[in-house]
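Basically the working numbering = 1-based index in the sequence shown + 772. Don't be surprised by glycine CBs; every beta carbon is placed ideally from N, CA and C.
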Amino acid sequence: AFSVVPCPGPQAENLVIDPRIAMVSFTGSAAVGWRIKCKAGRKRVTLELGGNAPAIVHADADLDLAVRKTVNGSFTNAGQNCIAVQRILIHQPVYKDFCDQFVAAAQGLKLVIRVRTILTLAP
């Protein structure tokens, strides 16, 4: 059987150490992931931990495209994405031009609030 169980830390810990649970998969911070791994003993554990997703801008890059892609990769879903751009490595010859364009593009972003129907799920 397969279950997704979003829950607070103490409840999650009880699940991780429960001998009836054969495998644990966790997506989240490195600190919590490694704590789960330590508690799980010999169980199979899959961890998808916070990355350090870089973008690299080469000296011969199409700067307009690089700016569009990195701004999008940085700010989509308010950055709440496990593969969001977290750092940008920029070759020195294009550093200033890229940064100027990136800042201008980021300042031009508009906050859009979408209201969705709230769903209530049974426990």
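Start and end of the alpha helix (DSSP H) containing SER797? Looking at the DSSP string, SER797 is not in any alpha helix (DSSP H); the run it does join, the beta strand (DSSP E), is 795-800.
Which of the three DSSP states is assigned to VAL817 in this structure? strand
Can you list, in chain order, the residues of its chain with a C-beta nearer than 7 Å to that of GLU785? Leave out the 5 residues immediately preceding and following it. LYS811
Is it true that the region 870-878 meets the region 841-857, where meeting means three or more beta-carbon pairs spaced less than 8 Å apart? yes
If you follow the beta strand (DSSP E) that PRO861 is in, where does it begin and where does it stop? Contrary to the premise, residue 861 reads as Leu rather than Pro in this sequence. Here the beta strand (DSSP E) through LEU861 covers 859-862.
According to DSSP, is ILE828 part of a helix, a strand, or is it coil? strand
Cβ-based neighbour list, VAL857, same chain, cut-off 7 Å, excluding 5 preceding and 5 following: ALA825, ALA827, THR842, GLY845, SER846
Ordered along the chain, which non-local residues of its own chain (more than five positions away) have a Cβ less than 6 Å from that of GLY745? With the chain covering only 773 through 895, there is no way to say anything about residue 745.
Which of the three DSSP states, helix, strand or coil, is assigned to ARG886? coil
Near CYS883, which residues of its chain fall below 7 Å by C-beta distance, leaving aside the five closest residues on each side in sequence? Before going further, note that residue 883 is Leu rather than Cys in the sequence given. Excluding positions up to five away in sequence, the list is empty.
Kindly indicate the opening and closing residues of the alpha helix (DSSP H) around PRO782. 781-789
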